[in-house]
Amino acid sequence: MIAKLGNGDLRNSLNILESALLLKQSGTLTEQDILQAGQKSVYYDRNGDEHYNIISAIHKSLRDSDPNAACYRIQRMLVGGEDPLYIARRLLRFASEDIGPADNNALLLANQVYDAVAKIGMPECDIFLIQLALYLAKAPKNNITYKISNQTKEDITKYGNLPVPMVIRNAPTKTMKNL
38 MIAKLGNGDL RNSLNILESA LLLKQSGTLT EQDILQAGQK SVYYDRNGDE HYNIISAIHK
98 SLRDSDPNAA CYRIQRMLVG GEDPLYIARR LLRFASEDIG PADNNALLLA NQVYDAVAKI
158 GMPECDIFLI QLALYLAKAP KNNITYKISN QTKEDITKYG NLPVPMVIRN APTKTMKNL
């Protein structure tokens, strides 16, 4: 049972056993003790590879317009103890990176949700994240902002510090205007 709760990961299994022993403090461990200790690790491994796997799956679910999958994974992270502000930050980035100008309200809503999550916190803020995920999943997608950001970074590396053309420079004096 401990191996199953640990998802086949020896470290997780040992942590579950240790937690169960600490919870029990004395006497014989029961199945209920082990289940109670293993509950969080069943949902989410906050410090391991599963953390990155799940946040990646949220992004892909949103890109694929699959709100149910995104919401399930968000709840899984929250129940497992993830900082809701981390999730809000990732959704804020998604709104700009993957939706961008296709729906400018996505970024506004994501920013408002981030603020609401910061103000309210857990356990009540989960509903804000779910509402945002539903919106982002249904929104039209356009990653032009991400592409242009990367292209301009490449241009800076390639061309360096190009001077501003004279025709678009600030000319606060008559002499500068005549140049």
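Numbered according to this note's numbering, the sequence shown terminates at residue 216, and the numbering increases by one at each position without gaps.
All C-beta atoms, glycine included, are put in the ideal place defined by N, C-alpha and C.
Predicted model, so just to flag it, every value in this text is computed and none were measured.
C-beta atoms of residue i and residue j nearer than 9 Å
{"i": "Leu99", "j": "Met159", "result": "no"}
{"i": "Ile39", "j": "Gly85", "result": "no"}
{"i": "Leu173", "j": "Ala153", "result": "no"}
{"i": "Tyr183", "j": "Ser102", "result": "no"}
{"i": "Leu51", "j": "Ile71", "result": "no"}
{"i": "Leu60", "j": "Gln73", "result": "yes"}
Other residues of its chain near residue i: CB distance less than 7 Å, five sequence neighbours each side excluded
{"i": "Arg83", "result": "Gly117, Gly118, Glu119"}
{"i": "Val79", "result": "Note that Val79 scores 49 on pLDDT, short of 50, meaning its location in the model is unreliable and no value can be drawn from it."}
{"i": "Asn179", "result": "Ile136, Gly137, Pro138, Ala139"}
{"i": "Phe131", "result": "His96, Leu99, Leu173"}
Extent of the continuous alpha helix (DSSP H) to which residue i belongs
{"i": "Pro104", "result": "104 to 116"}
{"i": "Asp270", "result": "With the chain covering 38 to 216 only, the question about residue 270 has no answer from this structure."}
{"i": "Thr67", "result": "Counting along the chain, Thr67 falls outside any alpha helix (DSSP H), and DSSP gives it neither H nor E."}
{"i": "Asn90", "result": "86 to 100"}
{"i": "Arg205", "result": "Residue identity differs from the one stated: residue 205 is Ile in this sequence, not Arg. Run containing Ile205: none; DSSP gives neither H nor E here."}
{"i": "Leu60", "result": "47 to 61"}
{"i": "Lys175", "result": "163 to 175"}
{"i": "Ser186", "result": "181 to 196"}
{"i": "Ala219", "result": "The question about residue 219 has no answer here: the residues shown for the chain are numbered 38 through 216."}
{"i": "Ala132", "result": "Careful: Ala132 lies outside any alpha helix (DSSP H) and carries neither H nor E."}
Local Cβ density within 10 Å of residue i, reported as buried at 16 or more and exposed below that
{"i": "Ile193", "result": "exposed"}
{"i": "Ile181", "result": "exposed"}
{"i": "Val204", "result": "exposed"}
{"i": "Asn49", "result": "buried"}
{"i": "Glu68", "result": "exposed"}
{"i": "Ala208", "result": "exposed"}
{"i": "Glu87", "result": "buried"}
{"i": "Tyr151", "result": "buried"}
{"i": "Asn47", "result": "Reading off the sequence, residue 47 comes out as Leu, not Asn. The residue in question, Leu47, is exposed, as its Cβ has fewer than 16 Cβ neighbours within 10 Å."}
Proximal residues to residue i (C-beta, below 8 Å), its chain only, five neighbours per side dropped
{"i": "Pro121", "result": "Leu115, Val154, Gly158, Met159, Cys162, Asp163, Leu166"}
{"i": "Gly66", "result": "The displayed chain sequence assigns Leu, not Gly, to residue 66. Once the five neighbours on either side are set aside, the close Cβ partners of Leu66 are Ala57, Leu58."}
Closer than 9 Å to chain D by CB, residue i
{"i": "Ile95", "result": "Chain labels in this structure do not include chain D; a single protein chain is all it has."}
Chain-order list of residues whose beta-carbon lies under 6 Å from that of residue i (same chain, five-residue window excluded)
{"i": "Ala176", "result": "Ile136, Asp140, Ala143"}
{"i": "Ala106", "result": "Ser98"}
_Any 3 or more C-beta pairs closer than 8 Å across the region 110 to 124 and the region 85 to 101_ = Put simply, the region 110 to 124 touches the region 85 to 101. At least three CB pairs are less than 8 Å apart.
*asked:* Three Cβ pairs or more, each shorter than 8 Å: is that satisfied between the region 138 to 147 and the region 186 to 202?
replied: Taking a cut-off of 8 Å for Cβ pairs, the region 138 to 147 and the region 186 to 202 do not touch, as fewer than three such pairs fall below it.
*asked:* Any contact between the region 154 to 173 and the region 116 to 130? By contact I mean 3 or more CB pairs, one from each, below 8 Å.
replied: Using a Cβ-Cβ distance cut-off of 8 Å, the region 154 to 173 and the region 116 to 130 are in contact, since at least three pairs of beta carbons, one from each stretch, lie closer than that value.
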